[in-house]
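Protein chains in written order, with my numbering: chain E, 497 to 749; chain Y, 2 to 245; chain X, 213 to 477. Virtual Cβ for every residue (Gly too), placed ideally from N, Cα, C. Written out below as structure tokens is the structure these notes cover.
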Amino acid sequence: MRDEGRGTRYESILVTAVLVALWHFAVMATGTKIFPSPVAVLRGLNDLPHLGAYTRDSLFRVACGYGAAVLLGIPVGLALGWFSSAARAANPLIQMLRPISPLAWMPLSVIWFGVSNLAPIFLIFLASFFPVVLATMNGVRNVPPVYVQAGRNFGLSTGALIARVIFPAVLPRILVGLRIAFGVAWLVLVAAEMIAVDSGLGYLIIDARNAGKRYDLVVGGMLLIGAIGLVLDALIRRTEKLKFVRWAFTEGR
Amino acid sequence: MKVLFRDISHDFGSVRVLDDINLSVVAGEFVCILGPSGCGKSTLLNIAGGFVAPMEGEVSIDGEKVSGPDPRRIFVFQERGVFPWLTVEENIGFGLFRQGEKEKRERIAHYVQLVGLKGFEKSYPRELSGGMKQRLEVARALAVDPDVLYLDEPFGALDSITRLQMRRELLRIWQAERKTILFVTHDIEESVQLADRVVVLSARPGRVRRVVDIDIPHPRDLSDPRYIALRDEIFGEIGLAHQV
Amino acid sequence: MGGLPSQFLSCYPPPDLRRVLPFTGLALFVLAWHVAVASSKGTLVPSPLAAIQGIIELAEKGLLARYVVASLFRVTWGYLAALVIAVPLGVWLGLWRRGEEAVNPILQLLRPISPLAWIPIAILWFGVGDVSAVFLIFLASLLPLTLTTVNAVHNIESVHLAAGRNFGLTGRELVRSVVLPGILPQLIVGMRITLGIAWLVVVAAEMIAVNSGLGFLIIDARNAGNRYDLVVAGMILIGLIGVGLDLLMRRLERLPGVRWGYVGE
């Protein structure tokens, strides 16, 4: 109904420019020596230490922790959704473990894995595992019974039913769950790197502050975290456009 | 003249949907606008309701040009228009924010009674059947005492038995309240059962092909030869042999 | 609830077993935990019993109430402040598409910045203390709540808006009588999810930026003397309160004016 003006791209550039200008003048006006101006941040981005290595470390940790959570979470979710007695038995435990902030596991993960890559990977795994399991489980429970009826009618065994009917039917919901889980994983990664290790983008930020109050590097690191998160989120969003799940995302936004 | 359509034309992009519609409706009249899907009849009703501005021509009511939605003319959607977060009486009272509390309560009670929803005042729409929701939306419209009602295929989502009952209800309410009604439908039988006049539109672009006067008094007997003759005349006009 | 009817489930338990099942999972977990700790000598991980004793010790010292209140205080204020700003902002952006498209790129860039990445900035601006933690919770909740509201406004049935305008409502009246009740069911779901994130963030923020609260308890118990029984006690408390907050928000989903939004789900 509303007009989709072609001018909107200019407007968004304009609004962004105005905000950056405000930031710049706020820094100038207050004469702060600590908080960086946009120009200082750009200059800081240029001489961020170990930028490539830190980015690689962060991406590696997310890939391992998140990947393990996806590979394990989807089958567990399918099983809990299908076998209602298993779900009944496991549910209180899941409900209890889920709201424990993954970062609260930090001391324990350091006991188990020491100060190594495994500790943050474990925290990221915890952060993304429960959202994936719950999204998959709820998805299976909401599969319309007629699909199952139709599948049984054509003589599918339980295994075939899960593979050929249930899984494709819940896939769109799983993908939405994967995206939410990624958001949490990305959030936890930064925090874990601030506390538990000495490399990565989270470490970069906390280190830039602690070693010499380089707030230009802090803000530069933050923007970098935002930009990488944005790209990864866009990649996951891409999967919602795949032709075998498009039916569930007809809203078209 | 209550409602006057003058030289209405309208395009969607490069497609002309309405072409030079001229039509006048008298106060208290029940007019059905009949046409195949996609002929622009809903657009015509939306123009009359003030939701869409016509590209050419204008609609006037009591000599006053329509320039936007107005509580004196209420549009009834299929039952989707009732607010799911309000109870039956809250829905009926929705438009009564200018009235005092006492009058509001009286009107709600009156229209609950009129559309046969007594006992369901505190129910939410999801607890009602499709027909009840439809009656609720009509009651909400009537409660603000509009002089024109626009109904856009209001019974399209109902089963055929409920649909017949709803037509009888609507006629009863119309005879009690004497509103001007513009009723859009693609159902030939429905139009002949309800209307004083049937306006037959052509397929896209919608033009007025013919206006048929239905000169049978209510209640109408569906086996009356005059009813059958008029019905078949319209079937013929649309170009369908009356056979399955 | 919808869901699969029982006859389709290959393994559907008899009624009396169903009542016991929810406890078996938890019981097995606690048992496995106990056995694992008992059988590994010299582990730092405390047994379930030690963890419970840890909770009792915290209660006796008066730390339990103080830390729980401190954490809840921060979450409440940060979350409420975010809600008060996010809902009007989201409604406004949702109704005014050009405004949304203008602001959208900034929202999208800020969204994936972990709220915890703001910790150095928060400490710079507000020092080590409550305000920093509240600010982080506020940041963590603001964007999800705003985006949920914008989405919910886009999903309002256009016939509802048309009907509202037909009865003569405009501007503020239309927002109050049609837009707000129309977005409420989706908004409440978003509020519940966001509260979960806020709870996660407060724990992390307390580990780094303040000297009280459940997050501080965990990091402090470890750093000051390897009291892992208190670490696990803190984790249990965090879990319990998280469950409580979630249940509280689920209550809202049962209100009569919003139930319509969840039918068929």
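*Leaving out the 5 sequence neighbours to the left and right, which residues in its chain are closer than 7 Å to Leu-231 of chain Y when beta-carbon positions are compared?*
In the second sequence, residue 231 of chain Y corresponds to position 230, counting from 1. The beta carbon of Leu-231 of chain Y sits closer than 7 Å to the beta carbons of Val-193, Val-213 and Ile-215 from its chain, once the five residues preceding and following it are set aside; these are given in chain order.
_Reduced DSSP secondary structure (H/G/I, E/B, other) of Gly-207 of chain Y_ = Taking the second sequence and counting its residues from 1, the one referred to as residue 207 of chain Y is at position 206. Strand.
_Using beta carbons (cut-off 8 Å, strictly below), is Phe-235 of chain X in contact with chain Y?_
For the purposes of this step, residue 235 of chain X is taken as residue 23 along the third sequence, with counting starting at 1. Judged by the 8 Å Cβ criterion, Phe-235 of chain X is not in contact with chain Y.
*Taking all protein chains shown into account, do 16 or more other C-beta atoms lie within 10 angstroms of the C-beta of Leu-261 of chain X, making it buried, or fewer, making it exposed?*
For this step, residue 261 of chain X is matched to residue 49 along the third sequence. Exposed, by the Cβ-count rule.
*Indicate whether at least one CB of chain E lies closer than 8 Å to the CB of Pro-260 of chain X.*
What you label residue 260 of chain X is simply residue 48 of the third sequence in a count that begins at 1. It does not: the Cβ of Pro-260 of chain X has no partner Cβ on chain E nearer than 8 Å.
*For Met-497 of chain E, collect the residues of the same chain with a Cβ closer than 6 Å to its Cβ; drop the 5 residues on either side in sequence, then sort them by chain order.*
Position 1 of the first sequence holds residue 497 of chain E. Legend: pLDDT at Met-497 of chain E = 35, less than 50; position of this residue unreliable, value from coordinates given subsequently. Counting only Cβ-Cβ distances below 6 Å, and skipping sequence neighbours, we find nothing.
*asked:* Between which residues of its own chain and Glu-90 of chain Y is the CB-CB distance below 8 Å, once the five residues before and five after are set aside?
replied: What you label residue 90 of chain Y is simply residue 89 of the second sequence in a count that begins at 1. If you ignore the 5 residues before and after Glu-90 of chain Y, its C-beta comes within less than 8 Å of the C-beta of Ile-109, Val-113, Glu-122 and Lys-123, all in its own chain and listed in chain order.
*Going by DSSP, name the residue or residues bridged to Ser-25 of chain Y.*
Against the second sequence, residue 25 of chain Y aligns to sequence position 24. Per DSSP, the beta bridge partners of Ser-25 of chain Y are Y:Leu-5.
_Between Ile-620 of chain E and chain X, is any beta-carbon pair separated by less than 8 Å?_
Position 124 of the first sequence holds residue 620 of chain E. Closer than 8 Å: no.
*asked:* Going by DSSP in three states, Phe-121 of chain Y sits in which element: helix, strand or coil?
replied: Indexing the second sequence from 1 puts residue 121 of chain Y at position 120. If DSSP states are grouped into helix, strand and coil, Phe-121 of chain Y belongs with coil.
*Output the boundary residues of the alpha helix (DSSP H) element that contains Cys-560 of chain E.*
As a first step, residue 560 of chain E must be located in the first sequence, where it is residue number 64. From DSSP, the alpha helix (DSSP H) with Cys-560 of chain E extends over 547 to 578.
*Mind checking the region 452 to 472 of chain X against chain Y and listing, in chain order, the residues whose C-beta falls within less than 8 Å of any C-beta there?*
Here the close residues are Pro-468, Gly-469, Val-470, Arg-471 and Trp-472.
*Quick one: what does DSSP say Asp-703 of chain E is sitting in, helix, strand or coil?*
As a first step, residue 703 of chain E must be located in the first sequence, where it is residue number 207. Taken through DSSP and simplified to helix, strand or coil, Asp-703 of chain E comes out as helix.
*What is the DSSP secondary structure of Asp-197 of chain Y, counted as helix, strand or coil?*
Here residue 197 of chain Y corresponds to residue number 196 of the second sequence, with the count starting at 1. Coil at Asp-197 of chain Y, not helix or strand.
_Closest by C-alpha distance to Arg-141 of chain Y, when choosing among Y:Asn-92, Y:Gly-51 and Y:Arg-17_ = Stepping through the second sequence from its first residue, residue 141 of chain Y is reached at position 140. The option with the nearest alpha carbon to Arg-141 of chain Y is Y:Asn-92.
*At a Cβ threshold of 8 Å, is Tyr-711 of chain E touching chain X?*
One-based indexing of the first sequence puts residue 711 of chain E at position 215. It does; some Cβ of chain X falls within 8 Å.
_Residue nearest to His-372 of chain X in terms of C-alpha spacing, selected from Y:Pro-226, Y:Val-26, Y:Val-83 and Y:Leu-115_ = Within the third sequence, residue 372 of chain X is the residue found at index 160, counting from 1. Minimum Cα distance to His-372 of chain X is reached at Y:Val-83.
*Looking at the unbroken alpha helix (DSSP H) that takes in Ser-353 of chain X, where does it start and where does it end?*
Taking the first residue of the third sequence as position 1, residue 353 of chain X is located at position 141. 342 to 366 is the span of the alpha helix (DSSP H), which, as asked, contains Ser-353 of chain X.
*What are the residues of the region 672 to 697 of chain E that lie near chain X, defined by any Cβ-Cβ distance shorter than 7 Å?*
Cβ contacts with chain X come from Trp-682, Leu-683, Val-686, Ala-687, Met-690 and Ile-691.
*Per-residue DSSP class, three states only, for Val-257 of chain X*: Taking the first residue of the third sequence as 1, we reach residue 257 of chain X at position 45. Val-257 of chain X falls in the coil class under three-state DSSP.
*With DSSP as the reference, please indicate the residues paired to Glu-59 of chain Y in a beta bridge.*
As a position in the second sequence, residue 59 of chain Y is number 58, starting the count at 1. The partner list for Glu-59 of chain Y (beta bridge, DSSP) reads Y:Arg-7.
*Measure the CB-CB distance between Leu-351 of chain X and Trp-330 of chain X and report whether it falls below 8 Å.*
Locating residue 351 of chain X in the third sequence gives position 139, where the first residue counts as 1. Locating residue 330 of chain X in the third sequence gives position 118, where the first residue counts as 1. Yes, the Cβ-Cβ distance between Leu-351 of chain X and Trp-330 of chain X is below 8 Å.
*Check the Cβ of Leu-355 of chain X against every Cβ in chain Y and list those closer than 8 Å, keeping chain order.*
Mapped onto the third sequence, residue 355 of chain X falls at position 143. Neighbours of Leu-355 of chain X across chain Y, judged by C-beta separation under 8 Å, do not exist; the nearest C-beta is about 26 Å away.
_Quick check on Leu-221 of chain X - is its C-beta less than 8 Å from some C-beta in chain E?_
Locating residue 221 of chain X in the third sequence gives position 9, where the first residue counts as 1. Bear in mind that a pLDDT of 46 at Leu-221 of chain X, under 50, signals an unreliable position, so the model cannot answer this.
_So Arg-557 of chain E and Ile-620 of chain E are supposed to be a Cβ contact under 8 Å. How far apart are they, rounded?_
Along the first sequence, read from residue 1 onward, the residue named residue 557 of chain E stands at position 61. Along the first sequence, read from residue 1 onward, the residue named residue 620 of chain E stands at position 124. About 6 Å; that satisfies the 8 Å criterion.
*Cβ of Tyr-279 of chain X within 8 Å of any chain E Cβ*: As a working note, residue 279 of chain X is residue 67 in the third sequence. For Tyr-279 of chain X, the nearest beta carbon of chain E is not closer than 8 Å to its own beta carbon.
*Please state whether DSSP places Phe-31 of chain Y in a helix, a strand or coil.*
The count along the second sequence starts at 1 and reaches residue 31 of chain Y at position 30. Strand at Phe-31 of chain Y.
*Reducing DSSP to helix, strand and coil, say where Glu-65 of chain Y ends up.*
To locate residue 65 of chain Y, count along the second sequence from 1; it is residue 64. Under the three-state reduction of DSSP output, Glu-65 of chain Y falls in the strand class.
*Using a Cβ cut-off of 8 Å, pull out every chain X residue sitting near Asn-587 of chain E, in sequence order please.*
Against the first sequence, residue 587 of chain E aligns to sequence position 91. Those within 8 Å of Asn-587 of chain E in chain X are Pro-234 and Gly-237.
*Name the chain X residues that come within less than 8 Å of Met-592 of chain E, Cβ to Cβ?*
For the purposes of this step, residue 592 of chain E is identified with residue 96 of the first sequence, where counting begins at 1. In chain order: Leu-238, Gly-451, Leu-452 and Val-455.
*List the residues of chain X that Met-175 of chain Y touches, going by C-beta distances under 8 Å, in chain order.*
Within the second sequence, numbered from 1, the residue matching residue 175 of chain Y stands at position 174. The residue you asked about is not Met; residue 175 of chain Y is Trp in the sequence shown. Per Cβ cutoff of 8 Å: no residues; Trp-175 of chain Y is ~19 Å from chain X at best.
*Quick one: what does DSSP say Trp-472 of chain X is sitting in, helix, strand or coil?*
Translated into positions along the third sequence, residue 472 of chain X becomes position 260. Residue state, collapsed to three classes: helix.
_Beta-ladder partner(s) of Arg-17 of chain Y, from DSSP_ = Position 16 of the second sequence, counting from 1, holds the residue named residue 17 of chain Y. Checking the DSSP bridge columns, you'll see Arg-17 of chain Y partnered with Y:Asp-12.
*Identify which residue in E:Pro-588, E:Ala-559 and E:Phe-740 has its Cα closest to the Cα of Leu-233 of chain X.*
As a working mapping, residue 233 of chain X is identified with position 21 in the third sequence. Closest option to Leu-233 of chain X, Cα to Cα, is E:Pro-588.
_Residues that Thr-181 of chain Y bridges to, as DSSP identifies them_ = Translated into the one-based positions of the second sequence, residue 181 of chain Y becomes position 180. Partner(s): Y:Val-149.
*Classify Glu-507 of chain E as helix, strand or coil using the three-state DSSP reduction.*
As a first step, residue 507 of chain E must be located in the first sequence, where it is residue number 11. Reduced to three states, the DSSP call for Glu-507 of chain E is helix.
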